[in-house]
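Heads up, the thing below is written out as structure tokens.
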Amino acid sequence: MSAPADSAAALSRDALACVLDLLIPASADGRLPAAGELGLAAYVEELSAATPGLRPLLEQGLSKLDADASTRGARGFAALAPDARRSLLDELAKALPAFPPTVFFVAMTGYYREPRVLAALGLEARPPFPKGHAVGETDFGLLERVRQRGKLYR
Amino acid sequence: MSEDPVDVLIVGAGASSAAFAWSLADTRMEILCLEQGEWMDPSRYPSTGGDWELRAQNDMAFSPNVRKRPADYPIRDDESPIKPALFNAVGGSTITYAAHFPRMHPSDFRVRTLDGVADDWPLDYAMLEPWYALNERMMGVAGLAGDPCYPPKQPPLPPVPLGRLGERVARGFDALGWHWWPSDSAIATREYEGRAPCINLGPCTSGCAQGAKASTDVTYWPAALRRGVRLETRCRVCEVTLGSDGLADGVVYYDANGALRRQRAEIVVLACNGIGTPRLLLNSRSPSFPDGLANSSGLVGRNLMFHPYAMVNGIFPERLEGYQGPVGCGLMSQEFYETDASRGFTRGYSFELMRGVGAVSIALWGAAQGWLPWGERHHEAYESIFDRTAGLLAICEDLPEPHNCVTLDPELRDSNGIPAPRIQYRLAENSRRMLEHGGARAREALEAAGAKQTVCESPLRVAGWHLMGTARMGRDPRTSVVNEWGRSHDVRNLFVIDGSLFVTAGAVNPTNTIQALALHIADRIKHRLGNLFDD
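Taken in sequence, the protein lines are chains E and A.
The first sequence begins at 2 in our numbering and counts up by one.
The second sequence begins at 1459 in our numbering and counts up by one.
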């Protein structure tokens, strides 16, 4: 997962990582990491280049978060304390309602493929092929009641 | 490619044409099939990569309007609540089907006689029975003999195991005293005819990398090619042409380079599915057939039938290992298949078990349901649904109605400039009642199995997998497009062999019946070679 390296994008990526941590935080028991902590900001940014409408939404939302943070005396959204970030994101959800659910949706498509996440869910971090899954044989003795009903077709 | 005439030219290389070509190769006639798609490479199917869940919704999506592969043509579907789902490649939609492979019931062929609706078919279950049996051997069908919903039959392979999820749901049906049975599944549960056995990958509907699922690119087509049938890919047919004698004399098509070519033939066979076949006929206009070829009845494209689906998902308290095993093959129930007037609708439906999905898919589904919040409660909510869902699909019989149709869109065209199909479809009141009944009964079954919560989507939107009725068979040229062995009433060397033939839809997945019909038609042709074009 690579991402553009210009400074403006990098600044937005800091804010994006913080947003991702708010959308999918670490689990209370620590088994599941936060999305930003996993480095998903680069993934979301990469995906935004290929998804119509996503890049402008990201730019608009992240710019506003940074701007709102600066009115609170911080050097960008990432510089705020966690509670203040959450407060600004809640405000943004009212001003730009598409932003949180869209970023959340996109983030989940990366988050639930991460090996650390899959392991925490009890899954192997691999595609289905070639190993597949072992499923035991079924005892179809439960069908006896159905067999006893006799012909059911016309 | 030579433009010398071939004996038999088949358009489309999906479920029906593979069976038909294999069978007709007995005659040693020169048989050529033109297919707009390509051979698929199983080593590149989504299940071979970590992005398998995303690819299943993009380049292997059910809808060609989403997928937009080079072989696909667009379909205008904004006038239908059910969106067509088909695949264009060698193997056709068997590449992406679930391989749920039931037969139709004997009653399905006699709905006018038994229930006073629609029309009887011009053939019956007994006529198709040997072709069902042959097809099940050729495709390699797994199942269990003894189902009381059918006349006796013997699947050649043992059934797909139900797994923890399927056994849980089966206990629900058992508790209610309802019929259920392991699905007939076109999946090799053992090594079969050179095919590797199923290893329970899960996502059968984006192509089987193992080759255990019976898509016709790994079943009939290799056998047909060994018998001398020729198959040319990336050839998109745009018109069936008519000779001065009133017979079809070949087709015009775009080759892989986009060049317009002509192929002459003694017999033309259409196998492009219930949308592609009427599209091609309607695009084949001439002074003799200004409304489309073989369309003196005016029924080409009409009576389009889908199977409307109600999808009910149950959330269970424990993990079900539902992502393991063929997603659409487990068990089925036909408790509500036959007509019972007290239910408020005519005809009926089947239930099919749907297993669970992967980690990404359940997240997106949960968010779409409004069950999966962002923020601190996310993980708790996610873990309450991940690997805890089991689904039941109610697959409802759709009755034919002339206003449900495939026509040509006046503006939309494919990449070769050929007019694209337009779908106009309304759910009938009978279907609405059936969906409502099916949704409610599915909830009952899942709750009896232990589901703590259920959610129903009805009608399921991108679920137009089954395309039927748009060039239907019959004995009367005024009320049908082809006769009881697939030959056009109007053009005596033109045949239709795909789902367009269906007079009614039944309430089961149609591929087994489509292929049995194709084998039946091939058999009739073989028995009539001396007088094939006679009245």
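For glycine and all other residues, C-beta sits at the position ideal for the given N, C-alpha and C.
Suppose the cutoff is 8 Å on Cβ atoms and the five residues either side in sequence are ignored; what does the same chain contact list for A/D1582 look like?
Position 124 of the second sequence holds residue 1582 of chain A. Result list for A/D1582: P1564, F1567 and R1568, in chain order.
What residues in the stretch 1595-1627 of chain A have a beta carbon less than 9 Å from any beta carbon of chain E?
L1602, G1604, D1605, P1606, C1607, Y1608, P1609, P1616, P1617, V1618, P1619, L1620, G1621, R1622, G1624 and E1625
Buried or exposed, going by whether 16 or more other CB atoms sit within 10 Å of the CB of A/Q1668?
One-based indexing of the second sequence puts residue 1668 of chain A at position 210. Result: buried.
Under 9 Å, Cβ to Cβ, is there at least one residue of chain A near E/L143?
On the first sequence, position 142 is the one that residue 143 of chain E refers to. Yes, contact with chain A.
Can you find the residues in the same chain that come closer than 6 Å, C-beta to C-beta, to A/E1488, ignoring five residues on each side of it along the sequence?
What you label residue 1488 of chain A is simply residue 30 of the second sequence in a count that begins at 1. Hits under 6 Å: V1464 and D1465.
Can you look up E/A10 in the DSSP assignment and give me helix, strand or coil?
On the first sequence, residue 10 of chain E is found 9 positions in, with the first residue counted as 1. Note that E/A10 has pLDDT 49, beneath the 50 cutoff, so the model's placement of it is unreliable and the number below is only indicative. Reduced to three states, the DSSP call for E/A10 is helix.
Could you check whether the stretch 1572-1591 of chain A touches the stretch 1967-1983 of chain A, counting it as contact only if at least three pairs of C-beta atoms, one from each stretch, sit closer than 8 Å?
yes
Can you name, in chain order, every residue of its own chain whose Cβ lies under 6 Å from the Cβ of A/R1945, other than the five neighbours on each side?
Along the second sequence, read from residue 1 onward, the residue named residue 1945 of chain A stands at position 487. Closer than 6 Å at Cβ, skipping near neighbours: F1953.
Residues bridged to A/R1881 by DSSP?
Taking the second sequence and counting its residues from 1, one reaches residue 1881 of chain A at position 423. Here residue 1881 of chain A is Ile; the residue named in the question, Arg, does not match the sequence. A/V1864, per the DSSP bridge assignment.
Please state if the CB of A/A1965 and the CB of A/C1787 are separated by a distance shorter than 9 Å.
Residue mapping note: residue 1787 of chain A aligns to position 329 of the second sequence, counting from 1. Residue mapping note: residue 1965 of chain A aligns to position 507 of the second sequence, counting from 1. Cβ distance not < 9 Å, so A/C1787 and A/A1965 don't count as in contact.
Find the residues of chain E that neighbour A/T1506, judging by a C-beta separation of less than 9 Å, and give them in chain order.
Position 48 of the second sequence holds residue 1506 of chain A. Result: P128, P129, F130 and P131.
Using DSSP with H/G/I as helix, E/B as strand and the rest coil, what is A/H1765?
Numbered from its first residue, the second sequence carries residue 1765 of chain A at position 307. Coil.
Closer than 7 Å by beta-carbon distance: list the chain A residues that pair up with E/V147, in chain order.
Within the first sequence, residue 147 of chain E is the residue found at index 146, counting from 1. Near E/V147 (Cβ distances below 7 Å), the residues of chain A are P1606, H1637, W1638 and W1639.
Residues from the stretch 18-44 of chain E in contact with chain A, defined by Cβ distance under 9 Å
L23, L24, I25, P26, A27, S28, A29, D30, R32 and L33
Closest Cβ-Cβ distance between E/E138 and chain A: below 9 Å?
Counting from one through the first sequence, the residue named residue 138 of chain E turns up at place 137. True, the Cβ-Cβ gap to chain A drops below 9 Å.
Among A/V1709, A/A1909 and A/R1502, nearest to A/E1776 - alpha-carbon criterion
The residue given as residue 1776 of chain A occupies position 318 in the second sequence. Here the closest residue by C-alpha is A/A1909.
So which residues of chain A does E/P1 contact, with C-beta pairs closer than 8 Å?
The structure shown does not extend to residue 1 of chain E, since chain E is modelled only from 2 to 155, so the question has no answer here.
Can you pull the chain A neighbours of E/G151, defined as C-beta to C-beta under 8 Å?
The residue given as residue 151 of chain E occupies position 150 in the first sequence. What E/G151 touches in chain A: P1606.
For A/P1877, which residues of its own chain have a beta-carbon under 7 Å away from its beta-carbon, when the five flanking residues on both sides are left out?
Here residue 1877 of chain A refers to the residue found at position 419 when the second sequence is read from its first residue. Once the five neighbours on either side are set aside, the close Cβ partners of A/P1877 are N1741, L1866, D1867 and R1871.
Please report the residue range of the beta strand (DSSP E) in which A/T1699 lies.
Here residue 1699 of chain A is taken as the residue at index 241 of the second sequence, counted from 1. A/T1699 -> beta strand (DSSP E) spans R1694 to L1700.
Extent of the continuous beta strand (DSSP E) to which A/R1534 belongs
Numbered from 1 along the second sequence, position 76 holds the residue referred to as residue 1534 of chain A. Where A/R1534 is concerned, the enclosing beta strand (DSSP E) stretches over R1534 to E1537.
In angstroms, rounded to a whole number, what distance separates the CA positions of A/E1496 and A/R1688?
In the second sequence, the residue the question calls residue 1496 of chain A occupies position 38. In the second sequence, the residue the question calls residue 1688 of chain A occupies position 230. Near 14 Å, if we compare the C-alpha coordinates of A/R1688 and A/E1496.
Listed in chain order, which residues of the stretch 1663-1684 of chain A have Cβ atoms closer than 7 Å to some Cβ of chain E?
A1667 and Q1668
Can you list, in chain order, the residues of its chain whose CB lies under 7 Å from that of A/T1804, leaving out five sequence neighbours each side?
Counting from one through the second sequence, the residue named residue 1804 of chain A turns up at place 346. Correct list, in chain order: D1573, V1575, T1797 and N1888.
So what does DSSP say about E/Y154, is it helix, strand or coil?
On the first sequence, residue 154 of chain E is found 153 positions in, with the first residue counted as 1. E/Y154 falls in the coil class under three-state DSSP.
Measuring alpha carbon to alpha carbon, tell me which of A/Y1608, A/D1934 and A/G1814 ends up nearest A/R1626.
As a position in the second sequence, residue 1626 of chain A is number 168, starting the count at 1. The residue with the shortest Cα to Cα distance from A/R1626 is A/G1814.
Would you call the CB atoms of E/V104 and E/L59 closer than 9 Å?
In the first sequence, counting from the first residue as 1, residue 104 of chain E sits at position 103. In the first sequence, counting from the first residue as 1, residue 59 of chain E sits at position 58. Result yes, Cβ atoms of E/V104 and E/L59 sit closer than 9 Å.
Distance cutoff 9 Å, beta carbons only. Does E/R117 sit that close to anything in chain A?
Within the first sequence, numbered from 1, the residue matching residue 117 of chain E stands at position 116. By this cut-off, E/R117 is not an interface position.
Does E/T72 come within less than 9 Å of chain A when only Cβ atoms are used?
Reading the first sequence from its first residue, position 71 is the one you call residue 72 of chain E. Taking Cβ atoms only, chain A never reaches closer than 9 Å to E/T72, which makes this a no.
Spatial neighbours of A/R1534 in its chain, beta-carbon cut-off 6 Å, leaving aside the 5 residues before and after
Against the second sequence, residue 1534 of chain A aligns to sequence position 76. Hits under 6 Å: D1867, L1870 and R1880.
Which residues share a DSSP beta bridge with A/W1639?
Numbered from 1 along the second sequence, position 181 holds the residue referred to as residue 1639 of chain A. Answer by DSSP bridge pairing, in chain order: A/M1790.
For the putative contact between A/P1522 and A/D1530, defined by C-beta atoms under 8 Å, what is the C-beta separation to the nearest angstrom?
Here residue 1522 of chain A corresponds to residue number 64 of the second sequence, with the count starting at 1. Here residue 1530 of chain A corresponds to residue number 72 of the second sequence, with the count starting at 1. That pair is a contact at about 4 Å.
Identify the continuous alpha helix (DSSP H) that holds A/Y1840 and give its terminal residues.
By one-based count along the second sequence, residue 1840 of chain A stands at place 382. Looking at the DSSP string, the run of the alpha helix (DSSP H) that includes A/Y1840 is H1836 to I1843.
Check E/Q61 in the structure and name its three-state DSSP category.
For the purposes of this step, residue 61 of chain E is taken as the residue at position 60 of the first sequence. E/Q61 falls in the helix class under three-state DSSP.
Chain A contact for E/A135 (CB, 9 Å cutoff)
Numbered from its first residue, the first sequence carries residue 135 of chain E at position 134. Yes, because at least one Cβ of chain A sits closer than 9 Å to the Cβ of E/A135.
A/A1600 - DSSP class collapsed to helix/strand/coil:
The count along the second sequence starts at 1 and reaches residue 1600 of chain A at position 142. Three-state DSSP puts A/A1600 in a strand.
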